[in-house]
Structures are given as C-alpha cells and as structure tokens.
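Letter by letter, the sequence shown follows residues -25 to -1, 1 to 381 in mature numbering (1 follows the signal peptide of the UniProt record, and there is no 0).
The beta-carbon is built from N, C-alpha and C at its ideal position, and this holds for glycine as well.
These figures come from a predicted structure and were not determined experimentally.
In what follows, a structure is listed as structure tokens, so that the remarks can point back to it.
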Amino acid sequence: MRAVIVAATALAISVASLMAGSAQALTVQGRVLKGEGHEPTSGVPVSLHVVNGTEELPGKTATSGAEGEYRFDGLAADPHLSYFVSTEYEGAVYTEGPVEPAANGIASQDLTIYDVGREIAAVHVTNHHIIVERKPDLLQVTEIVVFENSGKTAYLGTGLNHAENAGIRLGLPASVKEFQPGMGGDPQSVRVQGRDLASLRPIPPGTHPFSFTYNVPLSGRMDLSHRLYFPTAKFVVLIEDPKLHLESASLRYAGQREQNGRKFELYQGADFPIGAEVTMRIQGAGFWSNPKIYPWVVAPFLIVAALMFAAKKGRGRNAGGADPIGAARAGEEMRFAAPIGSATRTSPPQPLPDDDLSSIYLFLIDALDRGLERGEFSKESHALVRGNLKRRLEAILSDQPRAGTR
C-alpha cells in the first residue's frame, strides 16, 4: 500500500511539473504582408531573435506559409528574455519587437514588406523640425523629420559604408551623445556612426514621420550643423532658452513663439537641395553659463582663503574672536552667484501658423495611429512612442484641446 502511495505521489508531481513547464512556454506568431494592400506573402524567411540584456542568444528561423503565416513554439517565458522578429526582402531589413505575449502565452506580430526601388527623385522631406531644450549641463535635442515618397516602390539607397543598404540618411552634429530613436526607428535598424545616421528600413510610399532625440554637452560654441541627403522643403529650429543665440548662414531668425507660457526662439529656412549643409552654431551656453562649474571653480579659492584666515587668526583668537569656519560658510554663499546677461534680438515676432508646434505633434500622433492600423508598428512600440509624444504634448495642448486627440 505504501509503495502504491509513493508511486501515485511521484506521478502527481511529474504531471504537475509537466503542466507547469507547458504553462511557461510561449509562442510567437504572425504573418508576412506585402505593400499597402497587406497581401499575404509566402516563402519569405523570418528570423526570431532572443535577447538577454545586451547579449543575443541563439534564435530560430522559419519560412512564411501559403497565407504568409509563421510560428515559433516552445519559447521560454523568462522575464529577462526579449523576443524580436525580422526578415529581409529585396535587400531591405525589417525588424519588429520586442513582442509581448497575451494572457494565453501567444505573441502576435505581423511583418510588412515592400517592393524596393532606388528612385531617390521620388523622396523628399516636407518638414524637418529641431527642438532645442536647455538643461543644467547639456542641450536636449528632439528632431522630427517627415518623409514623403511619391513613388510606387519603397526607396532603399546606399548605406554608411557602401556595403549595406539604407533608407533614411542624415548628417548629424559631431557631438551627439545618448542617441535614442523614436517614431519610425528602433535600435536594431537605426545606426549612428560618426556624424552619419542611417536606417536599414526602406522608405515606403506615402508620408512617414521619423523622430529621435540626443544630448549635446554645453560648450562655448556648439555646432549643430546638419547634412541633408534628401531635398528638404522646410527646415525649422525652435530654441527654448532665449539666452541661446543661433548663428546660421542657412536659416533666418523668425521671431519668438509662445506655447502655453513657454517661449521659443524660431529660426527657419526652405528649399534645401540634396547634399546641402545647414550650418548652425549655438552661442550663449559657454563655460560660465553652466551652474555646475561654480562650486568647482570657487572651492579652491575658498579653501585657500580659509586656511590663510585660520593661520592668521590662530595665535590671536581671543583678541579677534573670529571663526574661520563661519567665515568659510559665509564665503560659501558666493559660490552660486548667477551670471548676468542674455542675448538680445531686434526682429519682431511673426505669427507662423503653418509651423505650429502642436500641429506637428498632432500629425505625428495621427500618423502613428494610422501606422498601427496598417500594421507598421507593434502595439507595444505604438504605446511607448505615443506615450512619449503625449507627455511632450501635455503642456502645448492644454490651452488648445482638439477632438482628434485620444
């Protein structure tokens, strides 16, 4: 009897372990769709990438079936693992992820591919907006570039080193730090090498926004010059800090813009050809404008002064009654004296409704929503980027709500 109980217990434990193991298995599935019509496409190789932190682990491969379907079963439900899917079609690379499983352990992610061409004449930039925000020891820069492809095929040109293809290309400032892709890009497909930015994704037909952010350390003369690889109809720079002055032979000062209490200095230019260099240098944020350097600059003098004061008064303390520590504390208040002075401008503000910042962000959110409906973004990527845009829109739209904003 005892043996029967032991055997039954062991069987129950084995079944429970098997059920637990099967409950932890994940499935990643989806379809390969082609073009704006989202036609199911068979025979396309699909790769599953497994990432643990910054390390890519061995993955899997599959081929899309008759209805464009693909499926990867038996994946580990490990919170430390992220799963991405990718494919390459006509030399263009498409990547989506990380995919998020539903409650049933199934993660669905479609891949949309396009016929590829090299008609660069069909591609141009309708708007290139740069927003510069001043932080204590750096400038935070957000760029929003709206591409329009009037051709019938997705554009794919030459990449950074001429050995790989690229869709979007742009020449950035030399001092870019902490680059982060936003809408229309991801770390797997966007490359920054030196001054050059390139995306491995092609530019599909239609209008497509592309955004990213980066930081520029403060210095006396910061170079924000850009090199343009596509004809650009409108180039706009908005600087939040009025003490910062933009020097540019390519742009003109267009006055001041106010959005919900925030003032922006506006610079703009138009009709830039392929290969144009938009020269931009920011002044007014030099060494002495960084408040973080004052303690380090003044501290040595305060220490020397305190030591000299203590040496002088040490022998005659009763006569003087001075407190060197108190004197040092009093002198410490001098460390944070703020510099005086700001840039002045004589040009009067001019209303430019076609450059309205809120309209640009509303367009980006609408384009992102439509992209989700067309299957161009995963729900997780859509939620992440949309949340970032909405947080940035919060202040701008608070005094001018629109019914189209969700």
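Inset, instruction - For residue 244, write down the residues that DSSP places opposite it in a beta bridge. - result: Answer is 210, bridged to residue 244.
Legend entry - Cβ-Cβ separation, residue 72 to residue 57 (assumed contact under 8 Å), whole Å: 7 Å
Inset, instruction - Over the uninterrupted beta strand (DSSP E) stretch that includes residue 56, give me the two end residues. - result: 56 to 64
Legend entry - Proximity below 7 Å, CB of residue 19 to CB of residue 62: yes
Inset, instruction - Give the single residue among 33, 231, 220, 144 whose Cα lies nearest to the Cα of residue 205. - result: 144
Inset, instruction - Kindly indicate which three-state DSSP category residue 361 falls into: helix, strand or coil? - result: helix
Legend entry - Cβ pair residue 184, residue 121 closer than 7 Å: yes
Inset, instruction - Please confirm whether residue 175 and residue 68 have their CB atoms less than 7 Å apart. - result: yes
Inset, instruction - Look at the alpha carbon of residue 1 and the alpha carbon of residue 223, and state the distance between them as a whole number of angstroms. - result: When rounded, the separation of the alpha-carbon atoms in residue 1 and residue 223 is 54 Å.
Inset, instruction - Select from 146, 148, 178, 111 the residue whose C-alpha is nearest the C-alpha of residue 417. - result: Lying outside -25 to 381, the shown extent of the chain, residue 417 is not represented and no answer is given.
Inset, instruction - In the DSSP assignment, find the unbroken beta strand (DSSP E) run with residue 397 in it and report its ends. - result: Look at the range of the chain in this structure, -25 to 381, and you will see that residue 397 is not part of it.
Legend entry - Assigned exposure category for residue 240 - 16 Cβ within 10 Å defines buried: buried
Legend entry - Reduced DSSP category for residue 334 - H, G, I as helix; E, B as strand; rest coil: helix
Inset, instruction - Below 6 Å CB to CB, which residues in the same chain sit around residue 155 once its five sequence neighbours on both sides are set aside? - result: 188
Inset, instruction - Locate the beta strand (DSSP E) running through residue 118, then write down its first and last residues. - result: Unbroken beta strand (DSSP E) run through residue 118: 113 to 124.
Inset, instruction - Might you give, ordered along the chain, the residues of its own chain that have their beta carbon closer than 6 Å to the beta carbon of residue 366, omitting 5 neighbours on each side? - result: none
Inset, instruction - Please report how far the alpha carbon of residue 210 lies from the alpha carbon of residue 77, in whole angstroms. - result: 42 Å
Legend entry - C-beta contact flag for residue 97 and residue 142 at 7 Å: In this structure, residue 97 keeps its C-beta atom at 7 Å or more from the C-beta atom of residue 142.
Legend entry - residue 101 beta carbon less than 7 Å from that of residue 123: yes
Inset, instruction - From the DSSP output, in three-state form, read off residue 81 for me. - result: Look at residue 81 here: in three-state DSSP terms it is strand.
Legend entry - Residue environment, residue 140, which counts as buried when at least 16 other CB atoms sit within 10 Å: buried
Legend entry - Close-in-space but distant-in-sequence residues of the same chain around residue 9 (CB under 6 Å, 5 per side omitted): Close CB contacts of residue 9 within its chain, under the 6 Å cut and outside five residues either way in sequence, are with 16, 88 (chain order).
Inset, instruction - Express the C-alpha separation of residue 132 and residue 93 in angstroms, rounding to a whole number. - result: 6 Å
Legend entry - Pick from 32, 23, 53, 34 that is closest to residue 45, judged by C-alpha positions: 23
Legend entry - Residue burial classification, residue 364 (beta-carbon count within 10 angstroms, cutoff 16): buried
Inset, instruction - Please name the residue, chosen from 162, 194, 200, 177, that lies closest to residue 170 on a Cα-to-Cα basis. - result: Of the listed residues, the one whose Cα sits closest to residue 170 is 200.
Legend entry - In DSSP terms, what residue 96 is bridged to: Answer by DSSP bridge pairing: none, since residue 96 is not bridged.
Inset, instruction - Please name the residue in 105, 107, 60, 104 whose C-alpha comes closest to that of residue 86. - result: 60
Inset, instruction - Sort out for me which residues DSSP pairs residue 129 with in a bridge. - result: 91
Legend entry - heavy atom of the ligand NAD below 6 Å from residue 67 C-beta: This structure does not include the ligand NAD; it has no bound ligands of any sort.
Inset, instruction - Measure the alpha-carbon distance for residue 114 versus residue 219 and round it to whole angstroms. - result: 11 Å
Inset, instruction - Give the range of the beta strand (DSSP E) segment to which residue 218 is assigned. - result: Judged by DSSP secondary structure, residue 218 falls outside any beta strand (DSSP E); it is assigned neither H nor E.
Legend entry - Three-state class that DSSP yields for residue -1 in the structure shown: strand
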